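This report refers to the structure that appears directly beneath it.
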Amino acid sequence: MENLNYLIIGLIKDRHSSWPFAGIAWSLISFLLRDMFLSSLFSRLRSLDKDVRRDVKRAYFAKALWGWLYFLISLGLFVVFWRFSPLETLRLTDYGVLAGALVFSQLFALAHLQAVGLALLSVLKQTARLESGVRPS
436 MENLNYLIIG LIKDRHSSWP FAGIAWSLIS FLLRDMFLSS LFSRLRSLDK DVRRDVKRAY
496 FAKALWGWLY FLISLGLFVV FWRFSPLETL RLTDYGVLAG ALVFSQLFAL AHLQAVGLAL
556 LSVLKQTARL ESGVRPS
């Protein structure tokens, strides 16, 4: 336990070389939050027909590009904050970089939720057209 304490203190004090660990921690937290939002949606997709589920996932992956872009921006801003901002004397720009990372992190989650919603809507429209006999355009 004492070794872990030294490791954590070393990572916090030597921020110029510990930025990969901070980036990994930011990524893990972001993915856990994303999973909290999307896991219930994807688990409920299992109750749908296999073809519908496949179409929803395909449409989701096509529409989720903005979410991944927001994730990369938030990760980059956090790594810049971690690498170049002294914790003892934070300046206004440091708070701005951290706030930007948090905003883009929220946009990351919202973009993925929007992608799931749009994917579900497009598959529902396609299914409704097929059931009503109208050819898809």
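Counting in the working numbering, the sequence shown runs from 436 upward without gaps.
All C-beta atoms in this analysis are idealised placements derived from N, C-alpha and C, irrespective of residue type, glycine included.
Given the structure is predicted, the values throughout are model-derived calculations rather than measurements.
Contact check for phenylalanine 543 and glycine 502: beta-carbon distance about 5 angstroms, within the 8 angstroms limit, so the pair qualifies. Put simply, the segment 498 to 512 touches the segment 527 to 543. At least three CB pairs are less than 8 angstroms apart.
Straight across, the Cα-Cα distance linking aspartate 529 with alanine 554 is about 37 angstroms. By the CB criterion at 9 angstroms, valine 551 and leucine 473 fall inside the cutoff. For histidine 547, the enclosing alpha helix (DSSP H) covers residues 527 to 567.
In the three-state scheme derived from DSSP, where H, G and I count as helix and E and B as strand, glutamate 523 is classed as coil.
Take lysine 560, set aside five residues on each side of it, and no residue of its chain has a beta-carbon closer than 8 angstroms to its own. Annotation for serine 462: the continuous alpha helix (DSSP H) segment containing it runs 454 to 480.
Between the beta-carbon of leucine 512 and that of valine 487 there is about 38 angstroms, and that puts the pair past the 8 angstroms contact cut. DSSP places leucine 442 in the helix class (H, G or I) of the three-state scheme. Judged by DSSP secondary structure, alanine 497 falls within the alpha helix (DSSP H) whose first and last residues are 485 to 498. Per the C-alpha coordinates, the member of Ser465, Ala497 and Lys492 positioned closest to serine 478 is Lys492.
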